[in-house]
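Undergrad: I have a structure here, written as structure tokens, and I will follow up with some questions on it.
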Amino acid sequence: GEIPARRLFLDPELEEERYFNEVGSFPIMHVIAIQESLANKRPELPLELMKIFHSAFDIAEGYYADPNWSMLPGCRHQFEKDRDRFKRKEWPRGFEANRSNIDMLMRYAVDQGIGAEYRPPEALFAEVTLET
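Taking the working numbering, the leading residue of the sequence shown gets 627, the next gets one more, and so forth.
Here it is, written out as structure tokens:
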């Protein structure tokens with residue numbers, strides 16, 4: 627049967643914009659994790675994985691430039707609208723550009739009982755990535 631659910635916000639699009647304008651970015655959606663022993667064994671690996679992830683992101687983003695990327699006629703218009711609405715980069719790259727977002731994630735994790743203790747963002751990343 628039907629699940630009695632509703633949206634949390636009456637106007638989710640407006641709420642997304644309000645959040646972005648207040649915080650300056652959207653919550654982190656993807657994380658790449660490397661076992662510390664592997665990163666120590668191969669110190670170049672963290673930056674290599676970042677480059678691969680950025681390349682994949684660029685490829686995916688390139689699809690949006692194609693007006694035929696979606697079967698839904700309104701998707702291209704929504705893409706253009708969002709691009710204009712969020713003038714800044716919605717998905718900033720590198721540690722420094724995401725530091726405050728990572729800090730917020732850690733605080734939420736502890737506050738909501740998901741994380742045992744707060745750790746500063748710098749403690750979570752390979753040193754070689756901290757200057758990205």
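Every residue gets a Cβ at the ideal spot worked out from N, C-alpha and C, and that includes glycine.
The structure displayed is predicted, hence computed values, not measured ones.
#1: Please state if the CB of E628 and the CB of F635 are separated by a distance shorter than 8 Å.
#2: Could you pull out every residue in the same chain whose Cβ sits closer than 8 Å to the Cβ of F652, ignoring the five residues on either side in sequence?
#3: Pairing CB atoms from the segment 657–676 with CB atoms from the segment 684–703, are three or more of them under 8 Å?
#4: Should A665 go down as buried or exposed, given a rule of 16 or more other Cβ atoms within 10 Å for buried?
#5: DSSP state of G688, grouped into three classes?
#6: Give me the Cα-Cα distance between N694 and E706, rounded to the nearest whole angstrom.
TA: Taking the definition as stated:
#1: No, these two residues do not count as a Cβ contact at 8 Å.
#2: In the same chain as F652, and ignoring 5 residues on each side of it, the C-beta atoms closer than 8 Å to its own belong to E642, Y645, F646, E716, W717, in chain order.
#3: Contact fails: fewer than three Cβ-Cβ distances are below 8 Å.
#4: buried
#5: It is helical.
#6: Near 13 Å, if we compare the C-alpha coordinates of E706 and N694.
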